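**Student:** Quick one: this structure, given as structure tokens, is what I'll be asking you about.
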Amino acid sequence: MKDAAADGEALTMMANAELSPGFKHAERVLTAVHSSRAAVSAVAASWCRSALHHGLDPSAPQASAERLGDNELNTLRASNGELLTVAAPVLDRLHGSVGLAGACVIIADAGGVVLDWRTTDSDAALFEDIGLTPGVSWAEAAQGTNGIGTCLVEGCAVTIHRDEHFASRNVGVSCMDAPIFDPDGRLIAALDISSARGDHDRTMAALIGALVQDAARSIERDLFCRRYSDARIVLAGAGDQAMRGNVLLAVDRDDLVIGATRAARQQFRLATGADIEPRPLGDFLGQTGPASFDDGERAVLRQALARAGGNVSSAARLLGIGRATFYRRMERVGLSLRH
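Following this line, the structure appears as structure tokens:
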């Protein structure tokens with residue numbers, strides 16, 4: 001009788017498991033993985049990587065997240081010091097926009113380890129239970145399909161909405177992410193907003209996703225301007241990236257381009273992760289023909305006139321030459337006062 005009762009209890013547990021949302025999600029994921037159309041979507045392709053390449057189980061129960069020790073985390077944060085310094089005010093602004101809606105703002109390094117976060121005191125325990133806390137890895141190889149890890153693999157903005165996660169244990173979370181690239185065009189981090197609110201639908205996720213992308217580009221621009229603080233920053237290029245202020249060139253005092261953002265490197269077909277061989281700015285702006293000595297002298301004369309408000313005598317004094325000499329040089333380069 002005891003054996004029969006035990007068998008009955010086991011069958012009941014199995015039936016309940018099969019009816020549970022977690023079991024159904026895991027079954028749906030594995031069905032998609034083994035489907036001939038598995039790679040049709042980015043999410044399904046990530047599910048395939050998670051199951052077939054990383055050997056993860058979508059039904060694996062929630063385990064206590066492995067967190068780096070304080071010393072390891074501090075070392076990792078120190079190695080990303082410039083990134084965190086630039087990102088801090090952006091994280092604060094983002095959290096000010098979405099924090100009261102129950103969202104957590106996170107920045108993770110290129111390996112998927114959470115470096116820093118912003119959350120309200122009332123939501124901190126919830127996100128800690130999920131594992132969205134500094135020192136925890138959200139690499140795709142560790143967690144399966146998720147916002148941070150999949151963003152880093154794809155190198156582009158992604159939204160992983162609730163049941164698009166690989167692991168059943170993560171289907172209560174929506175993650176909106178954007179990659180961050182350094183001034184050499186290399187992927188260095190992921191910016192994430194995660195929400196465990198059930199009322200955050202796909203429309204809300206799309207709005208938050210746009211905020212995340214704009215914030216990530218802001219961090220990239222600040223990193224770029226910090227790197228080239230002694231150079232002139234020029235907005236160049238065409239198309240959507242240029243309109244959003246991402247196609248930036250750093251130009252030295254000799255009008256040579258010495259740096260370019262990732263968007264600029266893509267626009268002008270420059271290699272990623274390498275120093276740029278200096279080239280004249282005119283080459284990037286579609287100006288044809290080499291510069292001449294007369295071009296340089298003409299520019300100097302025009303700038304002096306502009307500073308002197310068009311007064312030739314004052315302009316000549318600025319350059320340390322006589323008025324007659326100034327006129328002769330103007331005539332030689334074809335410059336008149338009407339210019």
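With full-length UniProt numbering applied, the sequence shown covers 1 to 339.
For glycine and all other residues, C-beta sits at the position ideal for the given N, C-alpha and C.
Note that the coordinates shown come from a computational prediction; the quantities given were computed from them, not determined experimentally.
Out of 265, 57 and 176, point me to the one whose CA is closest to residue 107's CA.
**Tutor:** Nearest C-alpha to residue 107: 176.
**Student:** When DSSP labels each residue in this structure, what does residue 171 get in the three-state scheme?
**Tutor:** Coil at residue 171, not helix or strand.
**Student:** Whether or not the stretch 123 to 136 and the stretch 221 to 231 are in contact is what I'm after, with contact meaning three or more pairs of Cβ atoms, one per stretch, closer than 8 Å; do they touch?
**Tutor:** Output reads no: the stretch 123 to 136 does not touch the stretch 221 to 231.
**Student:** Can you grab the Cα-Cα spacing for the pair residue 313 / residue 276, in whole Å?
**Tutor:** If I take the Cα positions, the gap works out to 42 Å.
**Student:** Does residue 31 come out as helix, strand or coil in the three-state DSSP assignment?
**Tutor:** In the structure shown, residue 31 sits in a helix (DSSP, three-state: H, G or I).
**Student:** Using DSSP's beta-bridge definition, name the partner residues of residue 212.
**Tutor:** BP columns for residue 212 are empty, so no partner.
**Student:** DSSP on residue 9, reduced to helix/strand/coil?
**Tutor:** Model confidence at residue 9 stands at a pLDDT of 46, short of 50, so the residue's coordinates are unreliable and nothing is read from them.
**Student:** Taking the straight line between their C-alpha atoms, what separation do you get for residue 186 and residue 237?
**Tutor:** Looking at the two C-alpha atoms, the distance is approximately 20 Å.
**Student:** Under 6 Å Cβ to Cβ from residue 281, same chain only, skipping five residues before and after it: list those, please.
**Tutor:** Closer than 6 Å at the Cβ level, and outside the excluded window around residue 281, lie 251, 255 and 257.
**Student:** Nearest by alpha-carbon distance to residue 164: which of 326, 321, 24 and 324 is it?
**Tutor:** Closest by alpha carbon: 24.
**Student:** Is it the case that the CB of residue 132 approaches a heavy atom of the ligand PLP more closely than 6 Å?
**Tutor:** Absence of the ligand PLP is noted for the structure shown, with no ligands found whatsoever.
**Student:** Counting Cβ pairs closer than 8 Å, one from the stretch 154 to 168 and one from the stretch 196 to 211, do we hit at least three?
**Tutor:** At 8 Å Cβ cutoff, the stretches touch.
**Student:** Check whether the Cβ atoms of residue 150 and residue 158 lie closer than 7 Å to each other.
**Tutor:** The answer is yes: Cβ separation under 7 Å.
**Student:** Leaving out five residues on either side along the sequence, give the residues of the same chain with a beta carbon under 7 Å from the beta carbon of residue 182.
**Tutor:** Here the set comprises 188 and 223.
**Student:** Cα separation between residue 80 and residue 87?
**Tutor:** Answer to the nearest angstrom: the Cα atoms are 11 Å apart.
**Student:** DSSP three-state label for residue 104, please.
**Tutor:** Residue 104 falls in the strand class under three-state DSSP.
**Student:** Which stretch, first to last residue, makes up the beta strand (DSSP E) that contains residue 165?
**Tutor:** Counting along the chain, residue 165 falls outside any beta strand (DSSP E), and DSSP gives it neither H nor E.
**Student:** Measure the CB-CB distance between residue 272 and residue 279 and report whether it falls below 7 Å.
**Tutor:** Their beta carbons are not under 7 Å apart, which means residue 272 does not touch residue 279 by this criterion.
**Student:** Report the option in 45, 329, 26 and 114 whose CA atom is closest to the CA atom of residue 341.
**Tutor:** It is not possible to answer for residue 341, since the shown part of the chain is limited to 1 through 339.
**Student:** Please classify residue 303 as buried or exposed, where buried requires at least 16 other C-beta atoms within 10 Å of its C-beta.
**Tutor:** Exposed, since its Cβ has fewer than 16 Cβ neighbours within 10 Å.
**Student:** Measuring CB to CB, does residue 89 end up less than 7 Å from residue 117?
**Tutor:** Not a contact, by the Cβ cut-off of 7 Å.
**Student:** Measuring alpha carbon to alpha carbon, tell me which residue in 93, 71, 301 and 207 is nearest residue 335.
**Tutor:** The option with the nearest alpha carbon to residue 335 is 301.
**Student:** Residue 193 and residue 103: beta carbons closer than 7 Å?
**Tutor:** Cβ distance < 7 Å, so residue 193 and residue 103 count as in contact.
**Student:** Out of curiosity, what's the CA-to-CA distance linking residue 98 and residue 246?
**Tutor:** When rounded, the distance between both Cα atoms is 24 Å.
**Student:** Taking residue 69 as the reference, which of 45, 114 and 141 has the closest Cα?
**Tutor:** Of 45, 114 and 141, the residue nearest in Cα terms is 114.
**Student:** Taking the beta strand (DSSP E) that residue 249 belongs to, which residues open and close that run?
**Tutor:** Element bounds for residue 249: 248 to 251.
**Student:** Less than 8 Å between the CB atoms is what I'm expecting for residue 61 and residue 29, so what's the real figure, rounded?
**Tutor:** Their Cβ separation, rounded to whole angstroms, is 15 Å, which puts residue 61 and residue 29 out of contact at 8 Å.
**Student:** Would you mind sorting residue 269 into buried or exposed? The rule is 16 or more other CB atoms within 10 Å of its CB.
**Tutor:** With fewer than 16 other Cβ atoms within 10 Å, it is exposed.
**Student:** Taking residue 213 as the reference, which of 324, 156 and 318 has the closest Cα?
**Tutor:** Checking every option, the nearest Cα to that of residue 213 belongs to 156.
**Student:** Go ahead and label residue 217 buried or exposed: buried means 16 or more other beta carbons lie within 10 angstroms of its beta carbon, across all protein chains shown.
**Tutor:** Buried: at least 16 other Cβ atoms inside 10 Å.
**Student:** Mind checking residue 140: buried by the 16 CB within 10 Å criterion, or exposed?
**Tutor:** Buried: at least 16 other Cβ atoms inside 10 Å.
**Student:** Which one or two residues does DSSP pair with residue 280 in a beta bridge?
**Tutor:** According to DSSP, which records beta bridges pairwise, residue 280 is partnered with 256.
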